[in-house]
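Beneath this line is the structure, given in structure tokens, with notes to follow.
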DNA sequence: CGAGCGAGAGAACGCTCGTTCTCTATACGT
DNA sequence: ACGTATAGAGAACGAGCGTTCTCTCGCTCG
């Protein structure tokens, strides 16, 4: 009688892949919500409904689990962003879709800023792998912005992409700290202004 | 013979105010460089050249010391920014001076991002006082930007101030993580573009 | 000059937490 | 059905750290 209990949160004899997934889900939720150092392995075990032995079989140390957490979050975030941007066709709409994505994200109940900025601030000087993961995440974002503004025909794509990156990161930080009102909308209007200024509506000169 | 040693880093019988200053200096340096949780009271004691007893006499707990650290940093940072902005007279120059200040700051040898963003990411969900201090710091920055853009005659100062805030925070984060090239300059040019778009050079209409 | 208050140095305490070990019970192969 | 390998549950271990305590010494005040 139901010793398996696939979707319950309590313990039971479970498959190896299922255990990995549950652990990673629990770790992602807890690390993101409370910070890495504030969450112990015991709490992850409880939330995942897995034995400590299993936990250490799947992820042999907390450092490994932290890296897996960041990697997973990078993949999910980039995928969600890509989907959101992909729903827009016109180049300019694709750029503003980035900020629409941010607006939706900021409204999420458990939003607590950017995992990578948080992890970098918390562990960056101590843990080179964490610092590298955070930089890699931002580099991918920067590259995506680069292709978007290039497709939009910006005069100097490198400059504009950097500026949009600043707006995105600033909006995330401001949303996390509640500093600016409607950070996503403010960032989007700023991005539109920069975009309009950067891609001349009529070809200049001849 | 020199049991006092005011400017040496080693121990010795010292005055109470001097002890407070040395402790706060050491705490600021270490907390900022390595993060709050990564620095122990013993290390602060060593760096300050003070006994543990003295340390706890001046700051009765680590939490108190952390709050003093953030408060001190807020005061110093705002003062430095005010000085930098104060050297410019024209309203538009005063706005761009903010980004000149950032550029100088980013070149500092021990630059490691914004103490408040870092502390918020590290301790925000755990420590309400830290979260409050970070929000207060950003609120002050936002207010300063508000007055600057108002003096510059922006059409909608609230929107522009928010946007400049996003650029500033984004530039700080990008500088800390090495994401964008020349974040301060990129932010400044973006700010100038937004500023030009926001304050009509000729009064519109009549 | 002597007594005592306070400072410095560091050991000690208690707690947390990452990691491992032990013990018991269960599933599976023959 | 029995032995064995493995999982679960949680105790145990060791290190790190915030905080306190002890001991000794030196300065100060009468």
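Protein chains in written order, with our numbering: chain A, 1 to 206; chain B, 1001 to 1206.
For glycine and all other residues, C-beta sits at the position ideal for the given N, C-alpha and C.
At 7 Å on the CB atoms, spell out the chain A contacts of residue i, in chain order.
i: residue 1118/B; result: 121
i: residue 1163/B; result: 186 and 190
i: residue 1157/B; result: Result: empty, since nearest Cβ-Cβ is about 13 Å, beyond 7 Å.
i: residue 1043/B; result: Correct list: empty, because the minimum Cβ distance to chain A is about 13 Å.
i: residue 1020/B; result: None at all; the shortest Cβ gap to chain A is about 26 Å.
i: residue 1183/B; result: 166
For residue i, does the three-state DSSP call read helix, strand or coil?
i: residue 1009/B; result: Annotation note: pLDDT 45 at residue 1009/B (below 50); position unreliable, no value reported.
i: residue 193/A; result: helix
i: residue 1110/B; result: coil
i: residue 100/A; result: helix
i: residue 1058/B; result: helix
i: residue 1087/B; result: coil
i: residue 1036/B; result: coil
i: residue 1050/B; result: coil
i: residue 27/A; result: helix
i: residue 1198/B; result: helix
i: residue 15/A; result: coil
i: residue 3/A; result: In this predicted model, residue 3/A has a pLDDT of only 35, less than 50, meaning its place in the structure is not dependable enough to derive any value.
i: residue 180/A; result: coil
i: residue 1206/B; result: Reliability fails at residue 1206/B, whose pLDDT of 48 lies under 50, so the model's placement of it is uncertain and no value is given.
i: residue 186/A; result: helix
Starting from the beta carbon of residue i, find every residue of chain B whose beta carbon is closer than 8 Å, and list them in chain order.
i: residue 195/A; result: Going along chain B, no residue has its Cβ under 8 Å from residue 195/A, so there is no contact; the nearest lies around 10 Å.
i: residue 169/A; result: 1169, 1170, 1173, 1174 and 1179
i: residue 152/A; result: Those do not exist, as residue 152/A stays about 16 Å from chain B at its closest Cβ, beyond 8 Å.
i: residue 29/A; result: Simply none; closest approach about 13 Å.
i: residue 134/A; result: 1177
i: residue 142/A; result: 1179 and 1180
Residue i versus chain B: which residues are under 7 Å apart at the beta carbon?
i: residue 138/A; result: 1177 and 1179
i: residue 113/A; result: 1121
Which residue comes first and which comes last in the alpha helix (DSSP H) that contains residue i?
i: residue 159/A; result: 157-177
i: residue 1150/B; result: 1128-1151
i: residue 1115/B; result: 1115-1123
i: residue 1154/B; result: Unbroken run through residue 1154/B: none, as it is neither H nor E.
Kindly list, in the order they appear in chain A, the residues whose Cβ is closer than 8 Å to that of residue i.
i: residue 1126/B; result: 34, 35 and 38
Can you list the residues of chain B that residue i reaches, using a CB-CB cut of under 9 Å?
i: residue 92/A; result: Ordered by position in chain B, no residue passes the 9 Å Cβ test against residue 92/A, which lies about 16 Å from the chain.
field: Three or more C-beta pairs below 8 Å linking the stretch 1165-1185 of chain B and the stretch 1106-1114 of chain B
entry: In short, these stretches touch, since the Cβ pair count reaches three.
message: Would the stretch 22-40 of chain A count as touching the stretch 1122-1132 of chain B if we require 3 or more Cβ pairs under 8 Å?
response: Result yes; three or more Cβ-Cβ pairs closer than 8 Å.
query: Are there three or more Cβ pairs, one per stretch, closer than 8 Å when the stretch 54-63 of chain A is compared with the stretch 133-149 of chain A?
result: The stretch 54-63 of chain A is not in contact with the stretch 133-149 of chain A.
- prompt: Does the stretch 1087-1104 of chain B touch the stretch 142-149 of chain A, meaning 3 or more C-beta pairs lie closer than 8 Å?
  reply: No: fewer than three Cβ pairs fall under 8 Å.
- prompt: Using 8 Å as the Cβ pair cut-off and three pairs as the minimum, do the stretch 146-155 of chain A and the stretch 68-78 of chain A touch?
  reply: They do not touch, by the three-pair rule.
message: I'd like to know if the stretch 1187-1198 of chain B and the stretch 1013-1026 of chain B are in contact, where contact means that at least 3 CB-CB pairs between them fall below 8 Å.
response: Judged by Cβ distances under 8 Å, the stretch 1187-1198 of chain B makes no contact with the stretch 1013-1026 of chain B, as fewer than three pairs qualify.
query: Counting pairs of Cβ atoms below 8 Å between the stretch 1164-1171 of chain B and the stretch 168-176 of chain A, do you hit three or more?
result: With a cut-off of 8 Å, the stretch 168-176 of chain A and the stretch 1164-1171 of chain B count as touching, because enough Cβ pairs lie within range.
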